[in-house]
Amino acid sequence: MKSLEDYTIVIRPDDNNTFVAYVPAIQGCHAWGETSEAARAEIDNVFAMILEEYQEMNRSFPQDVELLVANAS
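With the first letter of the sequence shown counted as 1, position 26 gets the number 25 in numbering that gives the first Met the number 0; the numbers rise by one all the way through.
Put into structure tokens, the structure is as follows:
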């Protein structure tokens, strides 16, 4: 069974002095927090809910994706 540790998590500052955390490989797996730590903790909860939904629907989780980070300059 997949766990959140099997996936790449992106945490970045958001526009309103908060942080957003998301898992690029899993549609809808994103969360916000006032700090990066709070966003990371909340993504755990979101992942657990999505995992439960996938299990109820008898769906398998997608593979992780490889991210490429590049500056526009």
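Built from N, CA and C at the ideal position, the CB exists for glycine as well.
Just to confirm my understanding: we take residue i, look at its own chain, exclude 5 residues before and 5 after, and list those with CB closer than 8 Å. What are they?
i: residue 30; result: 19, 20, 21, 38, 41, 42, 44 and 45
i: residue 53; result: 59 and 60
i: residue 3; result: 22, 42, 43 and 46
i: residue 66; result: 7, 9 and 23
Ignore the nearest five residues each way along the sequence and tell me which others in residue i's own chain have a CB closer than 6 Å to its CB.
i: residue 9; result: 21
i: residue 0; result: none
What does DSSP give as the partner residues of residue i in its beta bridges?
i: residue 27; result: Looking at the DSSP assignment, residue 27 forms no beta bridge with any residue, so it has no partner.
i: residue 18; result: 12 and 32
Could you check which residue in the options has the C-alpha nearest to that of residue i?
i: residue 36; options: 63, 11, 28 and 47; result: 11
i: residue 64; options: 13, 23 and 28; result: 23
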